[in-house]
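Start counting the sequence shown at 11; every next residue gets the next number (my numbering).
Glycine included, each C-beta is placed from N, C-alpha and C at the ideal position.
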Amino acid sequence: MPDHHPYRIATRRGDLHLIWRAGAGDEPDTVAVDGRRRLLAFHDTETLAGHCDRHGWALVADEPATLDLEGVREWAEDPRRGTARPGPLLDAWNFFEDLARSVAVPLPPQGAAHDAAYEKFFDADDGAQPWTAQEAAAVRDLLKAGLALWEESVRGAAGPASAPTTAPPLAPDAVRVPGHENGQCRKNT
């Protein structure tokens, strides 16, 4: 069974804590979902740890890694508005791939421009990406798709408010983000 790590996602509306699972061997990394492939999201690490304990999941007791999606969102929406630091953009790209795999909703297909841009993350010097205009556009488009997937996944996150009335919730301690009740999403997420 893989180790489970707390993973904090920071947004304008507040933080959510997810359970990230490192893939064993050749298995891909994922984030925890319920039996219906709905994202498990928690408002605090204590509740997350309790959920792991109840399910017999080995939670790695380290400080949660944090992904701040606001800088990523700013840059993806308008590269002149935000600073494109390679670390957070690469972390977001990898997170969105893990999320897509976990909730079984694919990101748009990636091509040669994506491959080239991804490799250049590792060659970045002091925050400047040596991307071509086509590569930068491919990264922005992928990150925008990932941000949309994140919003949809949070909107459908497992919790009491999202469970059908005829069946008990699969994760009673997972919570929904305020403003996403009944499938409604506030602006400026």
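Cβ neighbour criterion (16 or more within 10 Å) applied to residue i
i, result
"THR40", "buried"
"GLU37", "exposed"
"PRO98", "buried"
"ALA148", "buried"
"ALA122", "exposed"
"HIS61", "buried"
"ALA127", "buried"
"ALA158", "exposed"
"THR175", "Caution is warranted here: a pLDDT of 24 is assigned to THR175, below 50, making its placement in the model unreliable, and the coordinate value is therefore given only provisionally. Exposed: under 16 other Cβ atoms inside 10 Å."
Beta-carbon contacts of residue i that lie in its chain and below 8 angstroms, excluding the five residues immediately before and after
i, result
"TRP213", "In the structure as shown, the chain begins at 11 and stops at 199. Residue 213 is therefore absent and cannot be evaluated."
"ALA177", "Because the pLDDT at ALA177 is just 27, under 50, the model does not fix this residue reliably, and the value given afterwards should be weighed accordingly. Taken in chain order, the list of residues that qualify is empty."
Proximity of residue i and residue j at Cβ, strictly below 8 angstroms
i, j, result
"PRO12", "ALA32", "yes"
"LEU100", "PHE131", "yes"
"ALA102", "GLY156", "yes"
"ALA167", "ARG48", "yes"
"ALA59", "LEU50", "no"
Residue nearest to residue i in terms of C-alpha spacing, selected from the options
i, options, result
"ARG150", "ARG64, GLY166, GLU129 and ASP88", "ASP88"
"LEU28", "GLU145, TYR128 and GLU73", "GLU73"
"ALA71", "GLU129, HIS14 and ALA167", "HIS14"
"PRO118", "PRO140, ASP133 and LYS154", "LYS154"
"THR55", "GLY45, ARG95, ALA127 and THR76", "THR76"
"ARG111", "SER163, THR21 and HIS124", "SER163"
"LEU69", "PRO96, TRP30, ASP44 and LEU26", "TRP30"
"ASP133", "LEU26, GLU145, ASN104 and PRO96", "PRO96"
"ARG207", "GLN120, VAL115 and HIS124", "There is no way to answer for residue 207, as the model of the chain reaches only from 11 to 199."
"THR21", "VAL113, GLY81 and ARG90", "GLY81"
"GLN120", "THR57, GLY35, LEU152 and HIS65", "LEU152"
Beta-carbon contacts of residue i that lie in its chain and below 6 angstroms, excluding the five residues immediately before and after
i, result
"THR142", "none"
"PRO140", "LYS130"
"GLU145", "ALA123, ALA126 and ALA127"
Proximity test, residue i beta-carbon vs the ligand MN heavy atom, cut-off 7 angstroms
i, result
"VAL82", "Because no ligand of any kind appears in the structure shown, any question about the ligand MN cannot be addressed here."
Below-8 angstroms beta-carbon distance, residue i vs any chain B residue
i, result
"ASP25", "This model lacks chain B altogether; it includes just one protein chain."
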